[in-house]
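Following: one structure in C-alpha cells, then a few remarks.
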Ligand code: FES
C-alpha cells in the first residue's frame, strides 16, 4: 500500500500535504488531497493545485490568474489572534 498503513479493515493514510500562500495570489496545495465543495461535488485528486484566495476567479475553487488583474492585496501573515 502506497503512503499508508493497513490494520485489518482500518486504513490509515499518511498524507504529506503542504499549503503555501503565494504573495497576493492563491493557496498552493501540494500533496494528494480530496477536494469537496459545499454541494458535495468531488474534484479529481490532484498532486498540486492552486486555490483562489481573492474570490474573483471564474473557475472557483481554483485560481485562474484573475488576482493579478484586480490587484489583489492579501494579508501576508497568519494572525493567531484571529482563531475562532
Ligand atoms: S487567487 Fe488567483 S484568481 Fe483568486
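Numbering (this note's numbering), first residue to last: 1 to 84. Each residue gets a CB set at the ideal place from its N, CA and C atoms; glycine is no exception.
For residue i, the three-state DSSP class (helix, strand or coil)
i: residue 20; result: strand
i: residue 102; result: Outside the shown range of the chain, which is 1 to 84, sits residue 102, and nothing can be said about it.
First and last residue of the uninterrupted beta strand (DSSP E) at residue i
i: residue 30; result: 27 to 36
N- and C-terminal bounds of the alpha helix (DSSP H) containing residue i
i: residue 66; result: 66 to 70
For residue i, the residue or residues it bridges with in DSSP
i: residue 50; result: 28
Beta-carbon proximity check, residue i vs residue j, cutoff 8 Å
i: residue 27; j: residue 53; result: yes
i: residue 18; j: residue 30; result: yes
i: residue 62; j: residue 24; result: no
i: residue 43; j: residue 35; result: yes
i: residue 86; j: residue 56; result: Outside the modelled stretch of the chain, which goes from 1 to 84, sits residue 86, for which no answer is possible.
i: residue 59; j: residue 45; result: no
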